[in-house]
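Under the numbering used here, the residue at position 204 of the sequence shown is numbered 1402, and the numbers go up by one with no gaps.
Shown next, in structure tokens, is the structure this report addresses.
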Amino acid sequence: MISRKEMISASITIFDENNHIDDAEMQKLWKKNIKEGADGFFIGGSVGECFLLSTEERIHMFELASSTLHDLDIYAHVGSISTDHAIEMAKAALSCGIKYIASTPPFYFAFTTKELAHYYYDLAEAAGRPVLYYDIPSSTHADLNTDDAEIRALLKSGAIGMIKHTNLQSYRMKRIKSINPDIKIMGGFESRMIPMLNYHCDGFIGSTFNFMLPQYNKIVELYETPQKSEIYKIISASTDILQILLNVGLPASIKYILGRQGIRAGNVRRPLLPLNDAAKAKLDAVIDKKLIYNN
């Protein structure tokens, strides 16, 4: 039988009409996601527009989440191209009671795998615990290559306790587990839930969980049951929604759909652009037809 899978919502960041973080609407969104079955929240990640926030705003989001989300797992994403900056944010997250620290690898400069590994060694040492490696090579261009000696040493070291696997190479999950079976692996691509379940992932961290968590919970519920064929209908519908979101802009689309669900999620920050009327019409059409499970 499939083991219980953690479902972690990768939170957006909601801005008000003055482009400030809207605490009340954030809390309203989290309450909605908890009701829908969220086990925890990933704060300040990609869909949270992390690199468009100031350091003070990122830390504020950690503080708000910690004061609101009692008894739930909170993952504070502290990714930066500067080790010292990441450590500063990690210490701030830990000081307000958050247990889990997450980070993308540093990007822009062509860091060697040794430099990438030492970024995580330093971060884990400063945090006093293993950290989550946010593997998203499509954005960072950093490859978690399990054939690389520095990467293998990092995975064996204990500095990495979890990986958010936003990577199309699902087979790497098995390789990572063969190097260190204690590392938890969370699927990061909602469209690839079945392959990730087949590779025995420990759960999922998803951006579209903000508005579509009941649909994904149903997929996990039906996996390895006599109704497994029903999964493919749900996966197909979910993938159709995802395709439109990716085509017109993921963070802006999620905010628009949440607006339909009663959350005043505001706009994205530039250089991300708001949706035009044509994009909104595409989203309306696919959501009306394909959002099968909607609490």
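Cβ coordinates follow ideal geometry from the N, Cα and C atoms, glycine included.
| Asked | Found |
| --- | --- |
| Paired residues, beta bridge with Glu1204 - DSSP | Gly1401 |
| Sub-9 angstroms separation of Ala1325 and Ile1285 beta-carbons | yes |
| Residue of Met1394, Ile1392, Arg1350, Phe1387 minimising C-alpha distance to Ile1374 | Arg1350 |
| Local conformation of Met1199 per DSSP, three classes | Confidence in Met1199 is poor, its pLDDT being 42 and thus under 50, which makes the residue's placement unreliable; the coordinate value appears in the next sentence. Looking at Met1199 - three-state DSSP - the assignment turns out to be coil, as it is neither helix nor strand. |
| Buried versus exposed, by CB contacts within 10 Å (16 or more), Tyr1306 | exposed |
| Continuous alpha helix (DSSP H) stretch holding His1268: start and end | First-last for His1268: undefined, no H or E at that position. |
| Run of the beta strand (DSSP E) containing Phe1240, from where it starts to where it stops | 1238-1241 |
| Buried/exposed call for Val1484, threshold 16 Cβ in 10 Å | buried |
| Residue span of the alpha helix (DSSP H) that contains Tyr1454, given as start and end | 1448-1458 |
| Run of the beta strand (DSSP E) containing Asp1333, from where it starts to where it stops | 1329-1333 |
| Backbone CA spacing between Ser1209 and Ser1264 [nearest angstrom] | 13 angstroms |
| Buried versus exposed, by CB contacts within 10 Å (16 or more), Arg1202 | exposed |
| Span of the beta strand (DSSP E), counted from its first residue to its last, around Tyr1421 | That residue, Tyr1421, is in no beta strand (DSSP E); it is neither H nor E in DSSP. |
| Among Ser1389, Met1287, Ser1337, Tyr1317, nearest to Leu1443 - alpha-carbon criterion | Ser1389 |
| Range covered by the alpha helix (DSSP H) that runs through Lys1312 | 1311-1325 |
| Under 9 angstroms between C-beta atoms of Phe1407 and Met1259 | no |
| Status (buried if at least 16 other CB within 10 Å, exposed otherwise) for Ser1451 | buried |
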